[in-house]
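Quick note, the sequence shown lines up with residues 88 to 340 if you use the numbering used here. Glycine included, every Cβ here is placed at the ideal spot set by N, Cα and C. On a predicted model such as this, the values are computed, not experimentally measured, just so you know. Notes to accompany the following structure.
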Amino acid sequence: MTDKNTNPEREWFGEEKVTPTEKTRKVLGVFDNVASKYDVMNDLMSAGVHRLWKDRLIRRIRPKRNQEFLDVAGGTGDIAFRIRKATSATTNITVCDINSSMLEVGRDRAIDRGYLHNFDFITGNAEDLPFEDNSFDVYTIAFGLRNVTHIDKALAEACRVLKPGGRFFCLEFSHIDDPAMSKLYDLYSYNVIPKIGKIVAGDEGSYKYLVESIRKFPKPAALEKRMHEAGFGKTHSLPMSLGIVCIHEGWKT
Ligand SMILES: C[S@@+](CC[C@H](N)C(=O)[O-])C[C@H]1O[C@@H](n2cnc3c(N)ncnc32)[C@H](O)[C@@H]1O
């Protein structure tokens, strides 16, 4: 199978057709632009509901203090901090992101919270993780996978770095099945979110991309198939909020 067939998202930057190299560069640019306003924008765009989705993710994970955690596309640290809160100061948590501006905000937030120990912030690409095989018990990626150019490479890398028996959790925007609700959601996201981006972050284009990229992300069944192809033995999808978001889970057997 060609790369084009296995990674159709690689040539879409939102609704704009680009080369894979351009996509990676443009996604880097988006998060460079939004890093300083990223957290406040999340609260504004979702009316704070992203916090509930992230809390639900942590309840699904049920983190244990002796486990090794990797949060990929970890950005400003929301998932890593929740894992720390649910475990202990001796638990090792690695946050990896391709964008150092996002990681810098995350590092500052960690210092503000007094999370100084057993936290690693590493710049790296989900498609080529700078970690040994079989290193982590839990891999998380929240609102990150749809920004990755080659999703299948990222899934294979997730499987590689997980220990046998390790678990993969992807929290991502998904697809609403109900046509009327889907139309309402489209009206809101296409029209309102880029405007909020313009007013609060001075950047309409980045938020237009973030909305458009949601529509390009595979539906749960398609993603589960790709997770199996990447090496996960068992998978599960948990839609939330009418399908606006979904937690995709995989087990490395
Ligand atoms: C929408 S933010 C999510 C941040 C955080 N996980 C959260 O839930 O708030 C997406 C993050 O994915 C990162 N990202 C995009 N492409 C990536 C890649 N190929 N490898 C690693 N991180 C990537 C971006 O830099 C950005 O920090």
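- By the neighbour-count definition (other C-beta atoms within 10 Å, threshold 16), Y226 is a buried residue.
- Beta-bridge partners assigned by DSSP to E311: none are found.
- Residue pairing for N212: DSSP places it in a beta bridge opposite D215.
- Counting other Cβ atoms within 10 Å of its Cβ, E316 stays below 16 and is therefore classed as exposed.
- Here A229 is bridged, per DSSP, to L258.
- A direct Cα-to-Cα measurement between I280 and W338 gives close to 35 Å.
- In the DSSP assignment, T111 falls within the alpha helix (DSSP H) that extends over P107 to V121.
- Closest in alpha carbon position to N221, among A213, I238 and G252, is G252.
- Here the segment 123-130 makes contact with the segment 283-301; the two share three or more CB pairs at distances below 8 Å.
- With a threshold of 6 Å, the Cβ atom of I185 counts as near ligand 1, since some heavy atom of the ligand is closer than that.
- V127 sits in a helix when the DSSP states are folded into three classes.
- With fewer than 16 other Cβ atoms inside 10 Å of its own Cβ, E219 counts as exposed.
- In this structure, A229 places its C-beta atom within 7 Å of the C-beta atom of L258.
- Going by C-alpha positions, I331 is about 14 Å away from L144.
- Residue burial is scored here from C-beta neighbours: A167 has at least 16 other C-beta atoms within 10 angstroms and is therefore classed as buried.
- Using a Cβ-Cβ distance cut-off of 8 Å, the segment 195-205 and the segment 233-246 are not in contact, since fewer than three pairs of beta carbons, one from each stretch, lie closer than that value.
- Annotated as distal: I180 and F208, with beta-carbon spacing of 7 Å or more.
- Fully contained in the segment 163-208 are the following beta strand (DSSP E) runs of length 3 or more, in chain order: 180-184.
- Ranked by Cα distance from D264, the first of N94, P326, G292 and D215 is P326.
- DSSP places L157 in the uninterrupted beta strand (DSSP E) bounded by F156 to V159.
- Setting aside the 5 residues that flank it on each side, K141 is surrounded in the same chain by D165, I166, R169, A229 and L258, each with a C-beta closer than 8 Å to its C-beta; the list follows chain order.
- The secondary-structure analysis by DSSP pairs S324 across a beta bridge with H335.
- Annotation for V235 indicates a beta carbon within 6 Å of some heavy atom of ligand 1.
- For W99, DSSP records a beta bridge to K104.
- Cβ atoms of G101 and Y296 come within 8 Å of each other, at about 4 Å.
- For K113, same chain residues with a beta-carbon under 7 Å away, outside a window of 5 residues either side, are F100 and V105 in chain order.
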